[in-house]
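Colleague: Okay, so the sequence shown: first residue is 45 according to the numbering used here, each after it adds one.
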Amino acid sequence: MPMMRDFDAPEFRERYDCPLPLGCFCSKAGTEFRLWAPTAQAVTLRLYDAGDGGTFRLETALVRQDRGLWCYATAENWDGAYYDYLITVDGVARPTADPYARACCLNGERSMVLDLARTDPPGWDTDKAPALPPETVIYEIHVKDFSWDPASGVPEQYRGKFKALSLENTTLNGDGEHPTCLAYLKRLGVTHVQLMPAFDYGSVDEGGAPDQFNWGYDPVNYNVPEGSYSADPRHGQVRVREMKEAIQALHKNGLRVVMDVVYNHTYHADSWLERTVPGYYYRHNADGSASDGSGCGNDLATERSMCTRYILDSVLYWAEEYHIDGFRFDLMGLLDTDLMNVIRRALDQRFGPGEKLMLGEPWSAGATAARPGTVLADKAGMSCLDRHIAAFSDNIRDAVKGSLWSADAKGFVNGGGLDPARLVNCVRGWAYGPEAVGKAPSQTVAYLSCHDDWTLWDKLVYTSGARDFTACPPGLLRQNRLAAALLFACQGHLFMLSGEEFARTKLGLKNTYNAPLTVNRLDWSRAWENRALVDYYRGLIALRKGLPGLTDKSDRAGQRVLSVSAHGDNCAAILLDNSGPGSPWTRLLLAFNAGDWGITLPLPTGAWDVLADGNSSFLWQNPASVAGQASVPPVSALILGQR
Ligand code: CA
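#1: Which residues does DSSP list as the beta-bridge partners of F100?
#2: Assuming Y126 contacts G95 (C-beta within less than 8 Å), just tell me the rounded distance between them.
#3: Going along the chain, which residues put their C-beta within less than 7 Å of some heavy atom in ligand 1?
#4: Report yes if the CB atom of A547 is closer than 8 Å to the CB atom of L521, and no otherwise.
#5: Find the nearest neighbour of N258 within the set P165, A559 and D380, judged by alpha-carbon distance.
#6: Once DSSP output is grouped into helix, strand and coil, what is the label at L79?
#7: List the endpoints of the continuous beta strand (DSSP E) containing M303.
#8: I'd like to know whether the C-beta atoms of G685 and D657 end up nearer to each other than 8 Å.
#9: Under the rule that 16 or more other beta-carbon atoms within 10 Å means buried, what is L429, buried or exposed?
#10: In or out: G323 buried (at least 16 other Cβ within 10 Å) or exposed?
#11: By Cβ distance, which residues of its chain are closer than 6 Å to G251, with the 5 residues on each side in sequence left out?
#12: Does A53 pass the burial test, meaning 16 or more other C-beta atoms within 10 Å, or should it be called exposed?
#13: Below 8 Å on the Cβ atoms is my guess for R327 versus A345; work out the distance and round it to an integer in Å.
#14: Please identify the residue among I131, K172, K550 and F456 whose C-alpha is closest to the C-alpha of A635.
#15: For the 8 Å Cβ check, are there 3 or more pairs between the stretch 499 to 509 and the stretch 458 to 475?
#16: DSSP state of A413, grouped into three classes?
#17: Just tell me which of E221, L619 and H611 has its CA closest to the CA of G639.
#18: One question on the structure: do V87 and W122 come within less than 8 Å of each other, judged by their Cβ atoms?
#19: Could you give the C-beta distance for V264 and G280, rounded to a whole number, given that I count them as a contact under 8 Å?
#20: Taking the DSSP output, what are the residues bridged to Y557?
#21: Is N370 helix, strand or coil by DSSP?
#22: What three-state label does DSSP hand F546 in the structure shown?
#23: Could you pull the DSSP bridge partners for W652 from this structure?
#24: Is A435 near Q487, with beta carbons less than 8 Å apart?
#25: Select from E545, R604, R575 and D596 the residue whose C-alpha is nearest the C-alpha of H537.
#26: Hey, out of V306, P165 and N308, whose CA is closest to R285's CA?
#27: What does a CB cutoff of less than 6 Å around D382 pick up in its chain, not counting 5 residues either side in sequence?
#28: In the DSSP assignment, find the unbroken beta strand (DSSP E) run with D421 in it and report its ends.
#29: If you follow the alpha helix (DSSP H) that S191 is in, where does it begin and where does it stop?
#30: Please determine if the stretch 435 to 446 and the stretch 489 to 506 are in contact, where contact requires at least 3 C-beta pairs separated by less than 8 Å.
#31: Is the Cβ-Cβ distance between L299 and H222 less than 8 Å?
#32: To the nearest angstrom, report how far apart R466 and K423 are at their CA atoms.
#33: Once the 5 residues before and after D193 are set aside, which same chain residues still bring their CB inside 7 Å of it?
#34: Can you tell me whether DSSP reads L429 as helix, strand or coil?
#35: Expressed to the nearest angstrom, what Euclidean distance is found between the alpha-carbon atoms of A480 and S71?
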């Protein structure tokens with residue numbers, strides 16, 4: 045049979061598209077290996093009794109079947125054995141781990157046979173995510189930096205590990221009084237915890253020093269948890285169980301879990317996918333060189349049907365096996381809209397409409413060589429995406445605090461001036477600009493900071509002209525509160541970097557992907573020192589959940605903006621229809637004053653409850669009434685509600 049290497053030819057799809065289950069399956073009934081390798085001439089399974097070195101147990105050929113599928117099955121239960129493949133393509137045999145591996149050895153070079161049922165913690169079969177909240181507030185954490193600080197009160201052996209996420213009652217320095225980690229999140233009121241890459245990545249040696257740090261955007265085994273977050277990365281079943289335990293604990297404490305997934309590129313171009321089907325899973329330029337829209341040296345060819353299938357299988361696997369509640373797609377602008385919509389439909393079918401969250405970055409790091417005709421899931425492709433796939437709005441982010449391309453660039457809250465139209469577009473969650481307007485706020489993720497770029501606090505320090513990032517002057521804290529009030533007034537899903545609520549600093553550093561933990565770790569002492577700011581966020585989160593005018597994700601949500609008015613050069617007021625179930629207030633008046641002088645704001649007719657001002661976001665619990673006019677002090681927000 046002649047080899048077919050035009051992977052984009054319809055004949056290749058027709059001949060080799062394989063809808064059958066792939067990977068290694070192990071249960072009491074036996075063990076089965078299934079690999080898709082249509083261009084291989086031979087595939088050999090090699091079985092070991094250890095992840096590294098160890099005794100060679102078996103070497104056997106997989107049998108070729110239809111559609112490029114290779115299989116081997118035994119009635120024996122090989123749970124706990126390690127394996128790899130020797131795959132011969134064009135006469136050259138190369139070893140590779142299984143691209144579908146669900147468990148692996150230290151650093152992932154060998155895959156592991158795992159009876160997944162045996163990794164379930166007690167109670168896993170009844171583990172259930174909390175009910176869908178009225179609003180999504182995503183809190184982005186990194187497994188290691190979340191609990192690395194000794195002040196977290198986490199026992200040393202658990203710091204930086206999945207295990208720390210399972211601890212329910214940690215306190216500041218173990219004082220028994222001030223909650224940290226999981227207990228802190230529960231009190232803050234966020235609804236979703238987003239885990240930065242928690243799949244197996246390659247930039248940290250799992251057997252090396254414990255204080256290595258990397259964000260982890262360098263996938264090695266897409267369907268395996270990262271080993272450096274495990275108490276024992278040498279035994280592949282441990283990390284699987286520990287990650288399940290972490291998710292179980294988060295669920296039990298009222299938090300849903302979003303996973304950051306990086307399907308746009310792999311750590312090395314010479315990945316398990318490449319060794320299994322050379323050339324198939326990656327995009328190439330016309331001259332044969334690797335496409336590099338990721339800035340990491342390679343781009344996955346997500347538009348090819350079996351690559352689509354691979355990614356879809358991976359997402360469904362995390363959702364089913366680990367009970368993951370949502371997915372954040374890194375550089376979604378490199379993935380294609382068909383893939384994203386296929387994932388959306390599959391998640392909705394299996395788990396119920398909207399049960400699983402999907403969000404992503406609608407951009408890439410550069411141009412990519414996708415197959416002609418491919419529609420990429422970037423800003424320009426938003427109109428082709430399902431309305432329940434959301435994209436980060438850099439326009440909202442930049443309008444509030446200033447562009448990330450220059451440290452000195454200012455936004456509304458830090459002296460950049462007022463553009464009422466831009467501000468109202470933020471509130472509408474429509475702030476994509478002319479290149480693409482979302483269909484509804486369900487397509488928007490409003491945010492001020494994430495792991496990338498300066499923290500909100502560091503940006504405010506830069507634009508103030510100061511360079512002391514650790515000090516917390518009152519003027520900057522006011523700017524931070526104003527920014528938060530504006531964020532929580534944006535329709536769309538809400539997202540925040542962990543620690544944004546306590547003026548987290550990374551000492552002015554912009555890209556800390558491999559910076560030391562001294563820079564990256566969450567500083568739990570600072571969380572306590574800035575508890576007033578934390579409480580301001582906490583009040584806004586609680587208030588927001590009860591305001592239908594802001595939580596409305598429908599395509600009619602934009603019409604809730606009744607009017608916008610400018611008051612001087614730095615203050616705007618927005619009148620909003622807040623009608624809907626569960627709220628005593630039918631209208632909202634949102635005023636934002638970024639100027640150095642107080643503003644006297646004329647109020648629409650009738651009495652207004654003061655729900656929040658620049659100092660407190662809990663006034664709604666026992667609101668004072670105002671009528672006629674209200675004052676908006678310098679650098680502050682005022683949120684009023686009319687019954
Ligand atoms: Ca790893």
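Positions of the beta carbon are idealized from the N, C-alpha and C atoms, including for glycine.
Modeller: Looking at the atomic coordinates:
#1: Here the question's residue 100 lines up with position 56 in the sequence shown. F100 pairs with Y92.
#2: Here residue 126 corresponds to residue number 82 of the sequence shown, with the count starting at 1. Here residue 95 corresponds to residue number 51 of the sequence shown, with the count starting at 1. Yes, they are in contact, since the Cβ atoms of Y126 and G95 sit about 5 Å apart, within 8 Å.
#3: N151, G152, D244, Y245, G246, V248, E250, V264, E270, G271 and S272
#4: In the sequence shown, residue 547 corresponds to position 503, counting from 1. In the sequence shown, residue 521 corresponds to position 477, counting from 1. Taking 8 Å as the Cβ cut-off, A547 and L521 qualify as a contacting pair.
#5: Here the question's residue 258 lines up with position 214 in the sequence shown. Per the Cα distances, A559.
#6: Counting from one through the sequence shown, the residue named residue 79 turns up at place 35. It is a strand residue.
#7: What you label residue 303 is simply residue 259 of the sequence shown in a count that begins at 1. R300 to V305 is the extent of the beta strand (DSSP E) around M303.
#8: On the sequence shown, position 641 is the one that residue 685 refers to. On the sequence shown, position 613 is the one that residue 657 refers to. In this structure, D657 does not lie closer than 8 Å to G685 by Cβ.
#9: On the sequence shown, position 385 is the one that residue 429 refers to. Flag for L429 reads buried.
#10: Residue 323 sits at position 279 when you count from the first residue of the sequence shown. Exposed, because fewer than 16 other Cβ atoms sit within 10 Å of the Cβ of G323.
#11: Position 207 of the sequence shown, counting from 1, holds the residue named residue 251. Counting only Cβ-Cβ distances below 6 Å, and skipping sequence neighbours, we find L150.
#12: Within the sequence shown, residue 53 is the residue found at index 9, counting from 1. Classification of A53: exposed, given that the 10 Å Cβ count is below 16.
#13: To locate residue 327, count along the sequence shown from 1; it is residue 283. To locate residue 345, count along the sequence shown from 1; it is residue 301. Yes, R327 and A345 are in contact; Cβ-Cβ is about 5 Å, under 8 Å.
#14: In the sequence shown, counting from the first residue as 1, residue 635 sits at position 591. Nearest C-alpha to A635: F456.
#15: yes
#16: Walking along the sequence shown from the start, residue 413 turns up at place 369. Three-state DSSP puts A413 in coil, outside helix and strand.
#17: As a working note, residue 639 is residue 595 in the sequence shown. Comparing Cα positions, the closest option is H611.
#18: By 1-based counting over the sequence shown, the position of residue 87 is 43. By 1-based counting over the sequence shown, the position of residue 122 is 78. Going by C-beta atoms, V87 is not nearer than 8 Å to W122.
#19: Counting from 1 along the sequence shown, the entry for residue 264 is found at position 220. Counting from 1 along the sequence shown, the entry for residue 280 is found at position 236. Their Cβ separation, rounded to whole angstroms, is 13 Å, which puts V264 and G280 out of contact at 8 Å.
#20: If you number the sequence shown from 1, residue 557 lands on position 513. Answer is none; Y557 lacks a bridge partner.
#21: Within the sequence shown, residue 370 is the residue found at index 326, counting from 1. For the record, residue 370 in the displayed sequence is Gly; it is not Asn. In the structure shown, G370 sits in a strand (DSSP, three-state: E or B).
#22: For this step, residue 546 is matched to residue 502 along the sequence shown. Three-state DSSP puts F546 in a helix.
#23: Here residue 652 corresponds to residue number 608 of the sequence shown, with the count starting at 1. W652 pairs with V670.
#24: Sequence index remark: in the sequence shown, residue 435 carries index 391 (1-based). Sequence index remark: in the sequence shown, residue 487 carries index 443 (1-based). Cβ atoms of A435 and Q487: closer than 8 Å.
#25: On the sequence shown, position 493 is the one that residue 537 refers to. Per the Cα distances, D596.
#26: Counted from its first residue, the sequence shown places residue 285 at position 241. Taking only the C-alpha atoms, the option nearest R285 is P165.
#27: For the purposes of this step, residue 382 is taken as the residue at position 338 of the sequence shown. None.
#28: Position 377 of the sequence shown, counted from the first residue, corresponds to residue 421. The amino acid at residue 421 is misidentified as Asp; the sequence shows Ala. Careful: A421 lies outside any beta strand (DSSP E) and carries neither H nor E.
#29: Indexing the sequence shown from 1 puts residue 191 at position 147. Start and end: V187 to S191.
#30: yes
#31: Within the sequence shown, residue 299 is the residue found at index 255, counting from 1. Within the sequence shown, residue 222 is the residue found at index 178, counting from 1. Not a contact, by the Cβ cut-off of 8 Å.
#32: Translated into the one-based positions of the sequence shown, residue 466 becomes position 422. Translated into the one-based positions of the sequence shown, residue 423 becomes position 379. Going by the C-alpha atoms only, they are around 18 Å apart.
#33: If you number the sequence shown from 1, residue 193 lands on position 149. Here the set comprises R565, L566, D567 and W568.
#34: By 1-based counting over the sequence shown, the position of residue 429 is 385. Residue state, collapsed to three classes: coil.
#35: Numbered from its first residue, the sequence shown carries residue 480 at position 436. Numbered from its first residue, the sequence shown carries residue 71 at position 27. Residue placement at A480 is poorly supported in this model, since its pLDDT is 44, which falls under 50; the coordinates still yield a value, given next. Spanning the two alpha carbons is a distance of roughly 49 Å.
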